[in-house]
């Protein structure tokens, strides 16, 4: 699916739809109703059938929710979406509520002082979410009660749920059969005395069964539910039209069921049932009648995060392929210097996004981009989650920076890379900031550390040089990445919020940044994988240490590097990285791009 | 009290004492009894009356405990004390148990399979400790039960508890009156609905009431108990002979009681009573009958840790005074080069410790050393908690490293400093290791970071260069330090175990190290204080940042610095640090020491 740049949403539809919703709320005898942007699988991308928030309010951002009361309605959005929400939402009908500054519970207390019942669809909210909200409302006259989805009742032409084909994922790329994975998870269940675990995260199910799907954009997963039992067998709940192509591929230990059979299957579970509070719909434990629930992490998360050798091999190959496309793109962009600022043959952010996607598609192996490309020129680069639209589309100008954060989905791996590019000779201030960001990126790339540390323990390394200059960035340093799965994957993170231990095989992004509002944005991102650190001469052989293998090889913009700010070790790292980039990609790019690559990767 | 070097302890007394203890255990009908090294105040140093573990087993180390059963007895000591324990304990009577490798609960389960009651003195174990142990014994036939202290019953000549004078601490040095501090703590109690808080940590009580004591070595605190009420008044339980000199100094809101009145006072408490589980004797909540207990941190810990401007001023002055004594010491040591390795006028570790204490005493302001000096030459330097004894005392030899970790208690502040010194021309390998340790020390010294981070978030900065070489150290990077109080103070730490946010006014040590077993030890330690970071030109003014002020000014051994390993920023830092050391201490040292100081602090 090609990236589009139109802002959909229909603010004028908000008031009449709100009015019919309030009618059914009154019929149900409830004072409020919650409309999250989430679907039952808590995914980052939702299907058209799940765009309830957009249908009701007009707001199409990827995060947010609405709370509808009889007389008031609030659309809760975080800082990055406030402007967009103001443009998309009719503010006579909805108040834009700054979130998380204003918490839902506090807003409800203020707007519903007389109390009453606030309804929610138990399939769209997690156990953790409802528990937190319920706790915050303790002692108030406001009750929370699950109810049918009232939007679905009043949305006449609601699209059908997606019915994308489910396909097998080659065992050669997965590095482990589904039977092996199921045995691994079943063993973990037995160790904690669980009879079964319920899985509602599509990438957990896709990983466990070595399948992929095509229900939503950007993430090749099927919408499905599964129950894995302590004997390693699985009940899979998925629309039969989706699995026609699978044949008997899943084997006798995976029993297929209609999605409609899921509630009854939950009701029939006995013994201890493991559920992940952070992702499990509130409806699931409500339906478990005979079994007793034990909350713990989705048992697929950790084994999925620790990639097999085959997955790492595939990912390396995907990165070289993607890197070659990036080099073609950077070479093309470099050739557009004449266009900068010219009005007759100007180049815009949308042109850049389109060209980049074209280079990736030219590999003939791109399944999809792995997320909507972030391409921000000049001040647009400083908007951290910027997505260009026809309204915001900026013409590239000489002297500005261009931030491009993009990635591809390939059968053998998922990529995610950010490069910041000088459009013509850059200002020295921009170079100083770029260099500090790069120093942080290098500090993480070079790090070795004793086994047992978490992302939190390393995060400061990426920020130290920025901090010294009184600067910082308001996002984590890195997120986990799947293999031909979600580009954002837990549990690993490089973040001061993450106590999750780093383990060999985990893939992470390494993406420090710096954003000067109204001026420019800088981010440099490579993907890296945790591996056992090789012994160092003179090192203490008894200390088991880990380090990162760099997966991404694409030139860094040498024009933005203030060489005199670098230490010798940093300079050596950059030269070695560039030499390796040249070596790995030289034979994979076109002749002209190769000439550019030689220059772009020359020693500093 | 001068440091001594004799290892006391009487292994031959162990078996007969064990036998009488077992007799009273049998009379009490218990199968086991626990003998911790702790006193009721959970202090690092205990009074002779509290040396129950040494009396029974012969073991005099500063950490450890014994578990006595009818037929078996174990002395639990950690790695640093195993050798000492083997020398001090009769191993026909006691097994030396490696702790924490072997947990007490597991040992009890193995040694007491038939079950029975294990007794403990509820005044000598914290609530947290007993809770943890009880949890680990759940489902076994072993019961834990509080009982009178059986050692005290069979120890005929047990010393009297200490009766050191309590003296007022000048408000000018504290920077806050006791009334202000009590109002501050009382306000905190009211905010959480506590009617009172029980205080059993002597440094909390000393801080709160602006008093100091002289009951134990190295830490100028009184053994006492206190209850602070939500109205700011305090009941203080302390032996009357200790407070004779105070007069009415504590004011009408501090009511004095005999220590014997403490249990009844606990019984009379009503409403919500705040107790710190980590330090509170198990007996205290047992005695609270009418009140209800709420566990939370000792309310004095955080305000005590965030020093006032006056305390910081005093600490700076104490460090310059102590730094001058250190310079005299280093100058003296430098003049002993001829003695190295000579047998006729050799210099030993004990000579060094004695000389150093002499230089500190020459300031005429030393109240005590702040802990037993660690002075390890050559391989002894690699023993992290090494304390020289007549048995281990090593002659200093040219070519070896000498690690000296020491500090002083002055009325205006507590110091703690480690320097590693080359005895004659060092080996290049030692210089490389020293430089990596120094690079970590400098990274912490120079750090700026956004407000809200904890010690855990910064710890990696101190280790990065060691990690790169496959090296590390097995202790935290820094501990909190009091002002004329304990040299080890919570809650702040620079450690991967510490989630406590760093706040302005907190004093910490900054002491990375590296230890090569059998060869040498390196540690470099300055004290630093958290402060608001000044604005940086070009920095983001909206980001509130913190940084460290260096308190310790004493030369680093230039002979150990491998200049070519340093970055320009590190080199600049060292030169500036040395210039500042020269400037601050030049006028405070003798003429000959000044000449040495000039050379020792010359630019690299």
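Protein chains in written order, with this note's numbering: chain A, 931 to 1534; chain B, 931 to 1534. We put the CB at the ideal spot given by N, CA and C, even for glycine. These numbers were taken from a predicted model, which means no experiment stands behind them.
Practice task
Taking only runs that begin and end inside the region 1369-1412 of chain B, name each unbroken alpha helix (DSSP H) of 4 or more residues, in chain order.
Solution key: Fully enclosed alpha helix (DSSP H) runs of 4 or longer: 1385-1398.
Practice task
Rounded to whole angstroms, what's the CA-CA distance from residue 1522 (chain A) to residue 1530 (chain A)? Just pull it up for me.
Solution key: The alpha-carbon atoms of residue 1522 (chain A) and residue 1530 (chain A) are separated by roughly 12 Å.
Exercise for the section: Can you give me, in chain order, the residues of the region 1385-1407 of chain A that have a beta carbon less than 9 Å from any beta carbon in chain B? Expected result: Identification of residues in the region 1385-1407 of chain A having a C-beta nearer than 9 Å to some C-beta of chain B yields 1386, 1387, 1388, 1389, 1390, 1391, 1393, 1394, 1397, 1398, 1399, 1400, 1401 and 1402, given in sequence order.
Exercise for the section: Determine the direct distance from the alpha carbon of residue 1261 (chain B) to that of residue 1301 (chain B), and round the result to whole angstroms. Expected result: So the two alpha carbons sit approximately 23 Å from each other.
Exercise for the section: Determine, using beta carbons only, whether residue 1378 (chain A) comes closer than 8 Å to chain B. Expected result: For residue 1378 (chain A), a Cβ of chain B is located within less than 8 Å of the residue's own Cβ.
Problem - Extent of the continuous alpha helix (DSSP H) run through residue 955 (chain A) - result: Its alpha helix (DSSP H) spans residues 944-958.
Handout entry: 8 Å CB neighbourhood of residue 1109 (chain A) in its chain, flanking five on each side removed
Key = Leaving aside the five residues that flank residue 1109 (chain A) on each side, the residues in its chain whose CB is nearer than 8 Å to its CB run, in chain order, 1162, 1181 and 1183.
Exercise for the section: With DSSP as the reference, label residue 1316 (chain A) as helix, strand or coil. Expected result: Three-state result, residue 1316 (chain A): coil.
Problem - Neighbouring residues, chain A, relative to residue 1031 (chain B) (Cβ below 9 Å) - result: What residue 1031 (chain B) touches in chain A: nothing, since even the nearest Cβ is about 16 Å away.
Practice task
Taking only the alpha-carbon atoms, compute the straight-line gap between residue 988 (chain B) and residue 1480 (chain B) and give it to the nearest angstrom.
Solution key: Each residue's alpha carbon lies about 42 Å from the other.
Exercise for the section: Quick one: which unbroken beta strand (DSSP E) runs of 3-plus residues sit fully inside the region 1448-1508 of chain B? Chain order, please. Expected result: Segments of the beta strand (DSSP E) lying fully in the region 1448-1508 of chain B: 1450-1453, 1456-1462 and 1475-1480.
Exercise for the section: Starting from residue 1185 (chain B), follow its DSSP beta bridges and name the residues at the other end. Expected result: BP columns for residue 1185 (chain B) point to B:1165.
Exercise for the section: Return no unless some Cβ of chain A is closer than 8 Å to the Cβ of residue 1123 (chain B). Expected result: Taking CB atoms only, residue 1123 (chain B) has no neighbour in chain A less than 8 Å away.
Practice task
From the DSSP output, in three-state form, read off residue 1264 (chain A) for me.
Solution key: DSSP, read as helix, strand or coil, puts residue 1264 (chain A) in helix.
Exercise for the section: For residue 1465 (chain A), go through chain B and note every residue whose CB falls closer than 9 Å to its CB, in chain order. Expected result: Within 9 Å Cβ-Cβ: 1400.
Exercise for the section: Could you name the residues of the same chain whose beta carbon sits closer than 8 Å to that of residue 1189 (chain B), not counting the 5 residues immediately before and after it, in chain order? Expected result: Around residue 1189 (chain B): 1154, 1155, 1167, 1168 and 1169.
Exercise for the section: Mind listing, in chain order, the continuous alpha helix (DSSP H) runs of no fewer than 4 residues lying wholly within the region 1006-1091 of chain A? Expected result: Whole alpha helix (DSSP H) segments, 4+ residues: 1012-1018, 1034-1041, 1057-1066 and 1080-1084.
Practice task
Determine contact between the region 1216-1224 of chain A and the region 1441-1453 of chain A, defined as no fewer than three beta-carbon pairs at a distance below 8 Å.
Solution key: Not touching, per the Cβ criterion.
Handout entry: Which of helix, strand or coil DSSP assigns to residue 1333 (chain B)
Key = Correct three-state label for residue 1333 (chain B): strand.
Exercise for the section: Give every residue of the same chain whose Cβ lies closer than 7 Å to the Cβ of residue 1082 (chain A), excluding the five residues on either side of it in the sequence, and list them in chain order. Expected result: These residues qualify, in order along the chain: 1088.
Handout entry: Nearest residue (CA-CA) to residue 1397 (chain A), options A:1020, A:1379, A:1378 and A:1442
Key = Each of A:1020, A:1379, A:1378 and A:1442 was checked against the Cα of residue 1397 (chain A), and the nearest Cα belongs to A:1442.
Handout entry: One or two residues paired with residue 1296 (chain A) in a DSSP bridge
Key = Residue pairing for residue 1296 (chain A): DSSP places it in a beta bridge opposite A:1340.
Problem - Length of the line joining the Cα atoms of residue 1357 (chain B) and residue 1407 (chain B) - result: Computed Cα separation, rounded: 25 Å.
Problem - Test item: CB-CB of residue 932 (chain A) and residue 1287 (chain A) under 8 Å - result: Yes, these two residues count as a Cβ contact at 8 Å.
Exercise for the section: Starting from residue 1423 (chain B), trace the beta strand (DSSP E) both ways and give me its first and last residue. Expected result: 1419-1424 is the extent of the beta strand (DSSP E) around residue 1423 (chain B).
Exercise for the section: Starting from the beta carbon of residue 877 (chain A), find every residue of chain B whose beta carbon is closer than 8 Å, and list them in chain order. Expected result: As shown, chain A starts at 931 and ends at 1534. That puts residue 877 (chain A) outside it, with no answer to give.
Handout entry: residue 964 (chain A), DSSP secondary structure in three states
Key = Residue 964 (chain A): strand per DSSP, three-state reduction.
Exercise for the section: Taking residue 1470 (chain A) as the query, report the chain B residues whose CB atoms sit under 8 Å from its CB, ordered along the chain. Expected result: For residue 1470 (chain A), the residues of chain B that pass the 8 Å Cβ criterion are 1400, 1401 and 1402, in the order they occur in the chain.
Practice task
Using only alpha-carbon positions, find the residue among A:1186, A:1461 and A:1255 that is nearest to residue 1296 (chain A).
Solution key: For the set A:1186, A:1461 and A:1255, the Cα lying nearest the Cα of residue 1296 (chain A) is the one of A:1255.
Problem - Anticipated Cβ contact below 8 Å, residue 1350 (chain B) with residue 1280 (chain B), distance rounded - result: That belief does not hold up - the Cβ atoms of residue 1350 (chain B) and residue 1280 (chain B) are roughly 19 Å apart, past 8 Å.
Exercise for the section: Examine chain B for any beta-carbon lying closer than 8 Å to the beta-carbon of residue 1383 (chain A), and answer yes or no. Expected result: With a threshold of 8 Å between beta carbons, residue 1383 (chain A) makes contact with chain B.
Exercise for the section: To the nearest angstrom, report how far apart residue 1119 (chain B) and residue 1227 (chain A) are at their CA atoms. Expected result: Approximately 37 Å between the Cα atoms of the pair.
Practice task
In angstroms with no decimal places, state the Cα-to-Cα distance between residue 923 (chain B) and residue 1253 (chain B).
Solution key: As shown, chain B starts at 931 and ends at 1534. That puts residue 923 (chain B) outside it, with no answer to give.
Practice task
Look up residue 930 (chain A) in the DSSP assignment and say whether it is helix, strand or coil.
Solution key: Limits of chain A in this structure are 931 at one end and 1534 at the other, which puts residue 930 (chain A) out of reach.
Practice task
Anything in the region 1423-1447 of chain A with a Cβ closer than 7 Å to a Cβ of chain B? List those residues in chain order, please.
Solution key: Against chain B - using a Cβ distance shorter than 7 Å - the residues of the region 1423-1447 of chain A are 1426.
Problem - Same chain, Cβ closer than 8 Å to residue 1239 (chain B), five either side skipped, listed in chain order - result: Result list for residue 1239 (chain B): 1105, in chain order.
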